[in-house]
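So the sequence lines, in the order shown, correspond to chains R and X. Under numbering that gives the first Met the number 0, the first residue of the first sequence carries the number 0, and numbering increases by one thereafter. Under numbering that gives the first Met the number 0, the first residue of the second sequence carries the number 0, and numbering increases by one thereafter. Idealized CB from N, CA, C, for every residue including glycine. Working notes for the structure below.
2 protein chains.
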Amino acid sequence: MAERKAARADALRNREAVLAAADELFARSESPRGVSMDDVAAAAGVGKGTLFRRFGDRTGLIGAVFESRIEPLRAAVEAGPAPLGPAAPPRERVPAVLDALLRFKLDNRHLSLALEEAGSGSPYQAAHYAWWHGILRDALSRLPGRGDDADFTAHALLAATRADLVEHLAGVEGMSPRGMRDRLAAFVDTVLGRV
Amino acid sequence: MAERKAARADALRNREAVLAAADELFARSESPRGVSMDDVAAAAGVGKGTLFRRFGDRTGLIGAVFESRIEPLRAAVEAGPAPLGPAAPPRERVPAVLDALLRFKLDNRHLSLALEEAGSGSPYQAAHYAWWHGILRDALSRLPGRGDDADFTAHALLAATRADLVEHLAGVEGMSPRGMRDRLAAFVDTVLGRV
DNA sequence: GAGAATGCGGACCGGTGGTCCGCTTGGCTG
DNA sequence: CAGCCAAGCGGACCACCGGTCCGCATTCTC
């Protein structure tokens, strides 16, 4: 859609300042809950009203920050080359997509955590989730012999990459990123059937 | 451990009243977040101070309610007969335990949801989780050819039964309890290797 | 029945997400 | 450059939450 009006310059500046400040605050903080909207507003040098008018509510802000981070990966999956893109054969694409998603969550642990507990506390309400699930479901349904289960299998595979699980494995259990990626890959192989 | 003193009669009565009130409030409410500690205190006909002295904090209260509900299942898994109990062969016990756990969450959707988002928002901090994970890990490690992956596999299987996923499938996707149990069983079979 | 200890309850507190409205600022117009 | 108007701003303000605290009522003991 075309924009209705030319946006004011300061509005744009503020938007960027808020995104940058929120990104950094979430990255630094131990828990997403330790970052309040007041904190973000203060760090961005902006009033609270501005923040809420721009992003609606806390969930909207987190969603916007997350979106700005994950956009490249999303584009690669949506229209990039194999193995992530749509041209890749499903048996290769599914593990590739899951590994890429896990890598992203490892690189953006706190932000991913924040996103998944935003919005009534359920990741399943984020538009984001439905998109990834759709990608996986479609790929899985193209695999031989698993028509009906594609939907649930996609959910189950995504559940194995949830941000709080990643956080738990990396934190409490001290698992390395490499180790986690290997475990996930092995698990996915088991589910898809080793070849 | 033996109790240090005889508990006062009114204290016991209040404890029961609070557990019953909380159980009902969580069951009724749409989201666990809609139930405040004031609500519970009011519904139980008890002061807020009582509530916090008894249970420490919100997480403690939810944990106590949950524990009182799940205790029978826990006992069955810990010391009951096959297929849930420890005597069952792992290949049968793992699916049986997961199905029982899923059934419990289906029967106690809101309470399970409340528990899993209590305590910093991560289910992995609940003592409860570590226990189930231990059961599954041990059973899996007794299966041939999957030594190292037992830990991660246990996490991944449990992730497929998470309360918010159950809630999403039952609510938004309109999946029936029977359907969900069948899907989970099929998924578990795939992971363990069909026989 | 008296005394001590145990438990009770609700006023109170700091902090949160979210709203509101008087004022500032930026951009168009002549 | 001056003037105008609306888009945008900011922070005081609000309702509510989890959690604390302490004067007071209840229960148990002898």
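**Prompt:** Any heavy atom of the ligand SAM closer than 7 Å to the Cβ of R32(X)?
**Reply:** With respect to the ligand SAM, the structure shown offers nothing to examine, as it has no ligands at all.
**Prompt:** Hey, is the stretch 77-84 of chain X in contact with the stretch 28-48 of chain X, meaning 3+ C-beta pairs nearer than 8 Å?
**Reply:** Counting Cβ pairs under 8 Å, fewer than three are found: no touch.
**Prompt:** If you check the beta carbons only, do A19(X) and I61(X) fall under 8 Å apart?
**Reply:** Here residue 19(X) refers to the residue found at position 20 of the second sequence. Here residue 61(X) refers to the residue found at position 62 of the second sequence. Not a contact, by the Cβ cut-off of 8 Å.
**Prompt:** Helix, strand or coil: which one does DSSP assign to A6(R)?
**Reply:** Position 7 of the first sequence, counted from the start, is the residue given in the question as residue 6(R). Coil.
**Prompt:** So, using beta-carbon positions, are D98(X) and R27(X) closer together than 8 Å?
**Reply:** On the second sequence, position 99 is the one that residue 98(X) refers to. On the second sequence, position 28 is the one that residue 27(X) refers to. Not closer than 8 Å, so no.
**Message:** Less than 8 Å between the C-beta atoms of L83(X) and V96(X), yes or no?
**Reply:** If you number the second sequence from 1, residue 83(X) lands on position 84. If you number the second sequence from 1, residue 96(X) lands on position 97. Result yes, Cβ atoms of L83(X) and V96(X) sit closer than 8 Å.
**Prompt:** Excluding the five sequence neighbours on either side, which residues of its own chain have a C-beta within less than 6 Å of the C-beta of A113(X), listed in chain order?
**Reply:** Taking the first residue of the second sequence as position 1, residue 113(X) is located at position 114. Taken in chain order, the residues that qualify are F25, P31 and I61.
**Prompt:** Below 8 Å, can you find three or more Cβ-Cβ pairs linking the stretch 139-155 of chain R to the stretch 167-178 of chain R?
**Reply:** No, because fewer than three Cβ pairs between the stretch 139-155 of chain R and the stretch 167-178 of chain R fall closer than 8 Å, the two stretches do not touch.
**Residue-level contact to chain X via CB, G84(R), 8 Å cutoff** = Along the first sequence, read from residue 1 onward, the residue named residue 84(R) stands at position 85. It does not: the Cβ of G84(R) has no partner Cβ on chain X nearer than 8 Å.
**Message:** Between the alpha carbons of P85(X) and V165(X), how many angstroms are there, rounded?
**Reply:** In the second sequence, counting from the first residue as 1, residue 85(X) sits at position 86. In the second sequence, counting from the first residue as 1, residue 165(X) sits at position 166. Within the model, the alpha-carbon separation for P85(X) versus V165(X) is close to 26 Å.
**Request:** Quick one: which unbroken alpha helix (DSSP H) runs of 4-plus residues sit fully inside the stretch 73-149 of chain X? Chain order, please.
**Result:** Correct list: 89-106, 108-115 and 126-140.
**Prompt:** Is it true that the CB of I134(R) sits closer than 8 Å to the CB of F103(R)?
**Reply:** Indexing the first sequence from 1 puts residue 103(R) at position 104. Indexing the first sequence from 1 puts residue 134(R) at position 135. Not in contact: F103(R) and I134(R) (Cβ atoms no closer than 8 Å).
**Asked** Cα separation between S111(X) and A41(R)?
**Response** Looking up residue 111(X) in the second sequence gives position 112. Looking up residue 41(R) in the first sequence gives position 42. Looking at the two C-alpha atoms, the distance is approximately 37 Å.
**Prompt:** What number of angstroms, rounded off, separates the C-alpha of R177(R) from the C-alpha of S140(X)?
**Reply:** Indexing the first sequence from 1 puts residue 177(R) at position 178. Indexing the second sequence from 1 puts residue 140(X) at position 141. Their Cα atoms are separated by approximately 22 Å.
**Request:** Spell out whether any CB of chain R is found under 8 Å from the CB atom of A6(X).
**Result:** Translated into positions along the second sequence, residue 6(X) becomes position 7. Not one chain R Cβ lies under 8 Å of A6(X).
**Message:** Are the CB atoms of E115(X) and A162(X) within a distance shorter than 8 Å?
**Reply:** For the purposes of this step, residue 162(X) is taken as residue 163 along the second sequence, with counting starting at 1. For the purposes of this step, residue 115(X) is taken as residue 116 along the second sequence, with counting starting at 1. Taking 8 Å as the cut-off, the Cβ atoms of A162(X) and E115(X) count as close.
**Prompt:** From S67(X) to D147(X), what distance separates their C-alpha atoms?
**Reply:** In the second sequence, residue 67(X) corresponds to position 68, counting from 1. In the second sequence, residue 147(X) corresponds to position 148, counting from 1. For S67(X) and D147(X), the gap between their C-alpha atoms comes out near 34 Å.
**Prompt:** Taking Cβ-Cβ distances shorter than 9 Å, what residues in chain R pair up with D9(X)?
**Reply:** Here residue 9(X) corresponds to residue number 10 of the second sequence, with the count starting at 1. Chain R residues near D9(X): none, gap ~35 Å exceeds 9 Å.
**Asked** Within 8 Å (strictly less), CB to CB, does G120(R) reach chain X?
**Response** On the first sequence, residue 120(R) is found 121 positions in, with the first residue counted as 1. The beta carbon of G120(R) sits closer than 8 Å to some beta carbon of chain X.
**Item:** CB contact flag (G120(R), G120(X), <8 Å)
**Value:** In the first sequence, counting from the first residue as 1, residue 120(R) sits at position 121. In the second sequence, counting from the first residue as 1, residue 120(X) sits at position 121. Result yes, Cβ atoms of G120(R) and G120(X) sit closer than 8 Å.
**Request:** Taking A155(X) as the query, report the chain R residues whose CB atoms sit under 7 Å from its CB, ordered along the chain.
**Result:** The residue labelled residue 155(X) in the question sits at position 156 within the second sequence. For the C-beta of A155(X), the chain R residues within less than 7 Å are, from N- to C-terminus, A159 and F186.
**Prompt:** Quick one: what's got a C-beta closer than 6 Å to L142(R)'s C-beta in the same chain, skipping five residues either side?
**Reply:** Along the first sequence, one-based indexing puts residue 142(R) at 143. Only P89 meet the Cβ criterion.
**Message:** By the 9 Å beta-carbon criterion, what residues does the stretch 12-45 of chain R contribute toward chain X?
**Reply:** Those residues of the stretch 12-45 of chain R that come within reach of chain X (Cβ to Cβ, closer than 9 Å) are S30, P31 and R32.
**Message:** When you compare the CB positions of A21(R) and V64(R), do they come within less than 8 Å of one another, or not?
**Reply:** In the first sequence, residue 21(R) corresponds to position 22, counting from 1. In the first sequence, residue 64(R) corresponds to position 65, counting from 1. A contact, by the Cβ cut-off of 8 Å.
**Residue range of the unbroken alpha helix (DSSP H) whose run includes P176(X)** = For the purposes of this step, residue 176(X) is identified with residue 177 of the second sequence, where counting begins at 1. Counting along the chain, the alpha helix (DSSP H) containing P176(X) begins and ends at P176 to L191.
**Item:** Per-residue contacts from D148(X) into chain R (C-beta, under 9 Å)
**Value:** Along the second sequence, one-based indexing puts residue 148(X) at 149. The contact set of D148(X) on chain R, defined by CB atoms closer than 9 Å, consists of R182, A185, F186 and T189 in chain order.
**Request:** Report yes if the C-beta distance between H44(R) and A16(R) is below 8 Å; otherwise report no.
**Result:** Translated into positions along the first sequence, residue 44(R) becomes position 45. Translated into positions along the first sequence, residue 16(R) becomes position 17. Residue 44(R) is actually Gly in this sequence, not His. Their beta carbons are under 8 Å apart, which means G44(R) touches A16(R) by this criterion.
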